[in-house]
Structures are given as structure tokens and as C-alpha cells.
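Numbering (this note's numbering), first residue to last: -17 to 220.
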């Protein structure tokens, strides 16, 4: 009886050990399958976004040409018949980029640690930032003034999404602006960005149309007023 009891106990231990080992092998196999499937799922999601909007693109390669080796914003003092809007994206390591539109016309592109200087006519304009989604900012610009907009990244489904935030004296984060401009490079779109703009014009337009309806329903829509601009940058440079 003692031997039988001992045999049963040993058999139970062996069975439990075998079951545990089998479960571990199964878990490792699932992990390997998951690792293999994840890139395919991401590619599939990107393909769906591309079909729906035409706006899902690879974001790893640079899409801007840095105009200056050293960071920093060159002095600005526009004439009375022109206004300047500076879009700054001071965040690093997002490895993504966004296209900027003025009144449905492409005007600039920003990516990590860059700023884009856009000269335009005074008056009313609506700006849009397009990546995986779209966000907007209304502006009433005065001639001879310089305005600033932060392009704020946030997590999206496949790519980063961006928000346009007006930056002006008396508004939140104005004191941080000099540091952002000192740490970012002035940049212009390179051939890759311009090719994307041409190839995805319809998709970007659909994104703007889709998200504009939602944006117009907000009570706290961001805006730049004529008084939000400065005569020159840095202040006193005029």
C-alpha cells in the first residue's frame, strides 16, 4: 500500500510538471506568433487608414530640409503689408511629422525640433494641421506682425496626431517660446514632403472636411487675434 501510495504521488508530480512545461511551451509559441502578427496588424491598420483618408504614410524618413546648421529663429520684422506665422514643434523623439495648410493650401511641414516660417497676407485665415487626423486654428492677422503657433503632438492610432495652440503674450506658455525657438531648426519641405502633398491632396482634404465639422462644434476653438502678434522677433529687433 505504501508503494502504491508513493507511486501515485510520483505520478501526480510528473503529470503536474508535464502540464506546466506544456503550458510554458504554449505561452512561448503564442508570444512568437504575436510578435510575428503585430507588424502585419500595424501594416493592415495603416492600409485601412490610407484607403479611408490617403493620409497614412511612413514617418521615419525626414521630410524637411534644414536651412541652417545651427538652431534658432532668424530675426523677423515683416513690412506693413505682410504678416508672418511661425509654427514650432519643439518636442523630440516623436519620429513623425505633420503638414500645415492655410485656407486649404499647403504651406509648411514640421517634425521633431523644427519650426516653419510662413509669410502671408494680413486678414482672416484658417490653419489646419494634418497627419492621422486634422486640427484647426482661426487667425485674424494684422500687417507688420509676427504670430506664433505651437504644433503639439499627441498619440494617435497609427501615427501621431497634432493640435494647433496659439502662443502669445498673456497666454499660457508664452514664457517658454524663446527656449523653443532657440532649440529648433528652421526647415522647409523637401522633395519627399512635396510628393506626399501632391499624391495625397484628396485624402488630406477629406481629413480636413471630416474633422472641421467636429472642430466647429467646440465652444473653446483656439484663435489668434490681431493683438496677439509682435512687431518683430526678437522683441525690439525692429
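Every residue, glycine too, gets a C-beta built ideally from N, C-alpha and C.
Go ahead and label residue 180 buried or exposed: buried means 16 or more other beta carbons lie within 10 angstroms of its beta carbon, across all protein chains shown. When all chains shown are included, residue 180 counts as exposed.
Endpoints, the beta strand (DSSP E) within which residue 146 is located: It spans 143 to 149 - the beta strand (DSSP E) in which residue 146 sits, taken as one unbroken run.
What are the start and end residues of the beta strand (DSSP E) that includes residue 179? Careful: residue 179 lies outside any beta strand (DSSP E), inside the alpha helix (DSSP H) at 173 to 181.
What's the gap between the Cα of residue 144 and the Cα of residue 79? One C-alpha to the other measures close to 9 angstroms.
Outcome for residue 146 when other beta-carbon atoms lying within 10 angstroms are tallied against a minimum of 16: By the C-beta density criterion, residue 146 is buried, having at least 16 other C-beta atoms within 10 angstroms.
Less than 9 angstroms between the C-beta atoms of residue 128 and residue 204, yes or no? No, the Cβ-Cβ distance between residue 128 and residue 204 is not below 9 angstroms.
Reference residue 69; option with closest CA among 206, 218, 217, 213: That would be 206, whose Cα lies nearest to the Cα of residue 69.
DSSP beta-bridge partners for residue 68? For residue 68, the beta-bridge partners assigned by DSSP are 99, 130.
How do the segment 183 to 190 and the segment 96 to 107 stand: do at least 3 beta-carbon pairs fall below 8 angstroms, yes or no? These segments do not touch.
Where does the unbroken beta strand (DSSP E) through residue 119 begin, and where does it stop? First-last of the beta strand (DSSP E) with residue 119: 116 to 123.
Got a sec? Which residues, its chain only, sit under 7 angstroms from residue 126 by beta carbon, not counting five neighbours each side? Counting only Cβ-Cβ distances below 7 angstroms, and skipping sequence neighbours, we find 60, 61, 62, 213.
Taking the straight line between their C-alpha atoms, what separation do you get for residue 150 and residue 174? Roughly 32 angstroms separates the two Cα atoms.
For residue 107 versus residue 120, is the C-beta spacing smaller than 9 angstroms? The Cβ atoms of residue 107 and residue 120 lie closer than 9 angstroms to each other.
Member of 196, 165, 219, 95 whose CA lies at the smallest distance from the CA of residue 75: For residue 75, the closest alpha carbon among the candidates 196, 165, 219, 95 is that of 95.
Using only the alpha-carbon positions, how far apart do residue 134 and residue 73 sit? So the alpha carbons of these two residues sit roughly 8 angstroms apart.
Quick check on residue 160: buried or exposed, where buried means 16 or more other Cβ atoms within 10 Å of its Cβ? Within 10 angstroms of the beta-carbon of residue 160 lie fewer than 16 other beta-carbons, which makes it exposed.
Give the DSSP-derived three-state secondary structure of residue 80 in the structure shown. In the structure shown, residue 80 sits in a strand (DSSP, three-state: E or B).
8 angstroms CB neighbourhood of residue 92 in its chain, flanking five on each side removed: Excluding positions up to five away in sequence, the list reads 46, 69, 70, 71, 79, 80, 82, 98, 133, 169.
Out of 191, 158, 162, 164, state which residue places its alpha-carbon closest to the alpha-carbon of residue 110. For the residues 191, 158, 162, 164, the minimum Cα distance to residue 110 belongs to 191.
How would you label residue 195, buried or exposed, when you count the other beta carbons within 10 angstroms and need 16 or more for buried? By the neighbour-count definition (other C-beta atoms within 10 Å, threshold 16), residue 195 is an exposed residue.
Between residue 131 and residue 114, is the Cβ-Cβ spacing less than 9 angstroms? Their beta carbons are not under 9 angstroms apart, which means residue 131 does not touch residue 114 by this criterion.
Assuming contact is defined by CB atoms lying nearer than 9 angstroms, are residue 197 and residue 58 in contact in what I supplied? No, these two residues do not count as a Cβ contact at 9 angstroms.
To the nearest angstrom, how far is it from the Cα of residue 105 to the Cα of residue 90? C-alpha separation (whole angstroms): 19 angstroms.
C-alpha distance - residue 156 paired with residue 67, whole-angstrom precision: So the two alpha carbons sit approximately 15 angstroms from each other.
Starting from residue 152 and walking both ways along the alpha helix (DSSP H), at which residues does that stretch end? Counting along the chain, residue 152 falls outside any alpha helix (DSSP H), and DSSP gives it neither H nor E.
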